[in-house]
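Asks: To start, I am sharing the structure in question, which I have written as structure tokens.
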Amino acid sequence: MGRFHEIYRRSLEDPEGFWAEAAEDVAWTKRWDRVLDDSRSPFTRWFVGGETNTCYNAIDRHVEAGRGGQTALIYDSPVTGTVTKFTYAELQDRVARFAGALRGLGVGYGDRVILYMPMIPEAVIAMLATVRIGAVHSVVFGGFAAKELATRIDDAKPKVIVSASCGIEGQRVLPYKPLLDRAIELSAHKPERCVIKQRPQAEAPLVDGRDLTWEDAEAGAPAAECVPVKATDPAYVLYTSGTTGQPKGVVRPTGGHLVALKWSMKNIYDVEPGDVYWAASDVGWVVGHSYIVYAPLFHGCTTVLFEGKPVGTPDAGVFWRVIADHKVKVMFTAPTAIRAIKKEDPDGKLLANYDMSHFRAQFLAGERCDPDTLKWCQDKLKVPAVDHWWQTETGWPIASNCLGIEELPYKPGSPTHPVPGWDVQVLAPEGTPVKPNEIGAISIKLPLPPGALSTLWNNDERFVQSYMTEYPGFYQTGDAGLIDDDGYIHVMTRTDDIINVAGHRLSTGGMEEVLASHPDVAECAVIGVADDLKGQVPLGFLVLKDGVNKPHDQVVKEVVAMVRERIGPVAAFKVATVVHRLPKTRSGKILRGTMQKIADGQDPGVPATIDDPAILGEITESLQGVGYAKKG
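Counting from 1, one number per residue, gives the positions in the sequence shown under the UniProt record's numbering.
Written out as structure tokens, the structure reads:
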């Protein structure tokens, strides 16, 4: 048994000893009385009785250790032509001053602050300032629809909202203030104050008596010290993307969050204090919370805050430019970003313009990574390309190749093995474990490790119903897949994306894997559509690489043959359509459920998280062209 498997086994056999050891890397104001309290399962509490502060561990401890001169944060914004660097000492000063400003506005221990921000340094500063004074932040993705922001305001009931006058989406300036004003108008709960960072691209009018500028809020505010909080107190609430009506606010407890993220930086990503780490995500998503802001700073790394897109700001080489300019050692992004780059620069020619010699690993997560995208990364970047899998709810990786422990052999299509702490099992509908290589519901045996959600904000009942009821004693991930003979996880699809074709349970993700391997296909999706004879049949969507001139019906004919060859006639895969692009959320996830409703002739509405609503018309036309989404 190798080192990784020894560590993994110990994490399951002695979770209290394992995580107590990891917790020694965290600075505590008061040590815990008990490592794990699982007496009210499924409600798990870690480091009970302990007290600490998230901001102290992210900034102050490094300054006190004599590393205040090290760069903590690099803000790289190709959309504004700006690069700004902050040392740990400079970041400490900025955060302490804004924490004082929040306190001056009446924010204290346990109060909520909603942040509705673009990817600018003030977003990071506001997050850290909030936890510095023991308050709880809830970041809502900048530019999110007013109605959806209003539901989050009503759920979190913030004392203060921090926002900016605008965000910049590629070449487009998106005013935030009208959306914020409308959301407050719609919400029953009204914040006492709003702090607005005015940006020169679109300054916003302020509401008298409620709004003030960032600079006015800070003016004269004394620097605030770190306030110790209980390890079981929430550090933040993050609403899961795509929720409507009453949103699901994932609660992240302070102590477990600190311990798990600090441990992950060395053991999963293999980075050391002082290394430059870059997660190309947004602070509105869990990746931005965990791996732009908190984990790199807990570990004493330099973190990159990037305001731009993988293509178009200015070209498909911008990721490589950022890696080269800032000597990034490890990067983390979503497969959809790599596919966008691959579509515009399929041969990776732009890489030749940049010095990537210090780059060591490319991590991918956020959606299933098809083997073709993984192979492109490995071939072009010449470093390990690590597909790893986790969720907003879990807060850090469930499965990954843990480069800092022992690099295991790679299997395309698999995020490798469960990470220490996560007891992952695949269950049949009746709740019993399936055999190796059989598809089932991927579930995690309780108790969940530190860093996972402890409940939903003000809604314990929904927490139990949403995640813990279907398979008692297990957290239900909502993902389906298998564990093979070597213990590798294969996350095939969401459980609701397993389709039943004439009594055969088939994974749309397995079909997508076949489509993505076609040399002309840049991106794809497969959905199940209603069929009178078979119950459901699969339908494919293909986005072709730039420069492909082959007739569309020829490409469709070829992918149909490939599915028949690799999966078999049982898949009944006969129809696919070529589209210019796929409907996605702003975090890059494909809206398969929306496409399925359109195909079945239902009204999907406009999802709150959709990146570009205009694409739904294009999808409808394409579906009508192949006999679905009938008019009327």
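C-beta: ideal position from N, C-alpha, C; glycine also.
Let me make sure I understand the geometry here. Which of Q465, A452 and Y471 has the alpha-carbon closest to that of G431?
Replies: Residue Y471 is the option with its Cα nearest to G431.
Asks: Rounded to whole angstroms, how far is the Cβ of I442 from the Cβ of V464, which I believe are closer than 8 Å?
Replies: Not a contact, Cβ separation roughly 19 Å.
Asks: Alpha carbon to alpha carbon, what distance is there between P310 and A337?
Replies: Approximately 6 Å, taken between the alpha carbons.
Asks: Run through the DSSP bridge pairs and tell me what T479 is partnered with.
Replies: In the sequence under discussion, the amino acid at residue 479 is Asp, which differs from the Thr named in the question. Paired residues: R494.
Asks: Leaving aside the five residues before and after G440 along the sequence, list all residues of the same chain whose C-beta is less than 6 Å from its C-beta, in chain order.
Replies: Excluding positions up to five away in sequence, the list reads V426, L427, A428 and V434.
Asks: For residue 633, which residues does DSSP report across the bridge?
Replies: In the structure displayed, the chain extends from 1 to 632; residue 633 sits before or after that span and is not available.
Asks: With which residues is Q536 paired in a DSSP beta bridge?
Replies: Q536 is bridged to A530.
Asks: So, for D355: in the same chain, excluding its five sequence neighbours on each side, which residues have a beta-carbon less than 7 Å away from its beta-carbon?
Replies: The residues are A324.
Asks: Give a yes or no on whether the C-beta atoms belonging to K149 and V162 are separated by under 8 Å.
Replies: The question names Lys, but residue 149 is Leu in the sequence shown. No.
Asks: Taking 8 Å as the limit between beta carbons, can you name the residues of its chain near F319, skipping five residues before and five after?
Replies: So the list reads A280, P310, M331, T333, A337 and I341, once near-sequence residues are dropped.
Asks: Could you say which of K266, T302, L408 and R3 lies nearest to residue 676 if we only look at CA atoms?
Replies: It is not possible to answer for residue 676, since the shown part of the chain is limited to 1 through 632.
Asks: Using only the alpha-carbon positions, how far apart do V548 and V578 sit?
Replies: So the two alpha carbons sit approximately 12 Å from each other.
Asks: Should S41 go down as buried or exposed, given a rule of 16 or more other Cβ atoms within 10 Å for buried?
Replies: Answer is exposed; the Cβ neighbour count stays below 16.
Asks: So who's on the other strand from T333, going by DSSP bridges?
Replies: Answer is L364.
Asks: Given this structure, state the Cα-to-Cα distance separating Y56 from P551, to the nearest angstrom.
Replies: Their backbone Cα atoms lie some 59 Å apart in a straight line.
Asks: Could you check the C-alpha separation between E621 and V529 for me, to the nearest Å?
Replies: Roughly 16 Å between the two C-alpha positions.
Asks: Rounded to the nearest angstrom, what separates L238 and V250 at their Cα positions?
Replies: Near 5 Å, if we compare the C-alpha coordinates of V250 and L238.
Asks: Determine, using beta carbons only, whether A295 and L261 come nearer to each other than 8 Å.
Replies: Going by C-beta atoms, A295 is nearer than 8 Å to L261.
Asks: Helix, strand or coil for H137 per DSSP?
Replies: Here H137 sits in strand by DSSP.
Asks: Give the straight-line distance between the Cα atoms of D484 and H62, rounded to the nearest whole angstrom.
Replies: Looking at the two C-alpha atoms, the distance is approximately 43 Å.
Asks: Three or more C-beta pairs closer than 8 Å, one from the region 369-377 and one from the region 403-422: is that the case here?
Replies: They touch, by the three-pair rule.
Asks: Express the C-alpha separation of T455 and residue 633 in angstroms, rounding to a whole number.
Replies: For residue 633 there is no data in the structure shown, the boundaries of the chain being 1 and 632.
Asks: Classify Y628 as helix, strand or coil using the three-state DSSP reduction.
Replies: Looking at Y628 - three-state DSSP - the assignment turns out to be coil, as it is neither helix nor strand.
Asks: Starting from R193, trace the beta strand (DSSP E) in both directions and tell me its first and last residue.
Replies: Segment R193 to K197, the beta strand (DSSP E) holding R193.
Asks: Does the count of Cβ pairs from the region 177-186 and the region 150-161 closer than 8 Å reach three?
Replies: Touching, yes, given that three or more Cβ pairs across the two stretches are closer than 8 Å.
Asks: Does the distance from the CB of G421 to the CB of P15 come in under 8 Å?
Replies: Yes. Within cutoff.
Asks: Just to confirm the assignment: which complete beta strand (DSSP E) runs, minimum length 3, are found wholly within the region 212-251?
Replies: Complete beta strand (DSSP E) runs here, min 3: 234-239.
Asks: Rounded to the nearest angstrom, what separates G312 and D37 at their Cα positions?
Replies: The alpha-carbon atoms of G312 and D37 are separated by roughly 50 Å.
Asks: Report all residues from its chain with a CB closer than 6 Å to the CB of G108; omit the five preceding and five following residues, and keep chain order.
Replies: Excluding residues within five positions, none has a Cβ falling inside 6 Å.
Asks: Locate the alpha helix (DSSP H) running through Y8, then write down its first and last residues.
Replies: Run containing Y8: R3 to E13, per the alpha helix (DSSP H) assignment.
Asks: In the DSSP output, what is V419 paired with across the bridge?
Replies: Partner(s): none; V419 has no beta bridge.
Asks: Going by DSSP, what residue range makes up the beta strand (DSSP E) through D37?
Replies: Unbroken beta strand (DSSP E) run through D37: R34 to R40.
Asks: Distance check for R321 and H358, CA to CA, integer angstroms please.
Replies: Those two C-alpha atoms are separated by around 13 Å.
Asks: Measure the alpha-carbon distance for V271 versus Q624 and round it to whole angstroms.
Replies: V271 and Q624: Cα-Cα distance of roughly 50 Å.
Asks: For a test of the three-state rule: what should DSSP assign to E307, helix, strand or coil?
Replies: It is coil, neither helix nor strand.
Asks: Does the beta-carbon of G95 have 16 or more other beta-carbons within 10 angstroms, so that it is buried, or is it exposed?
Replies: Position check: residue 95 holds Val in this sequence, whereas Gly was assumed. Buried, since its Cβ has 16 or more Cβ neighbours within 10 Å.
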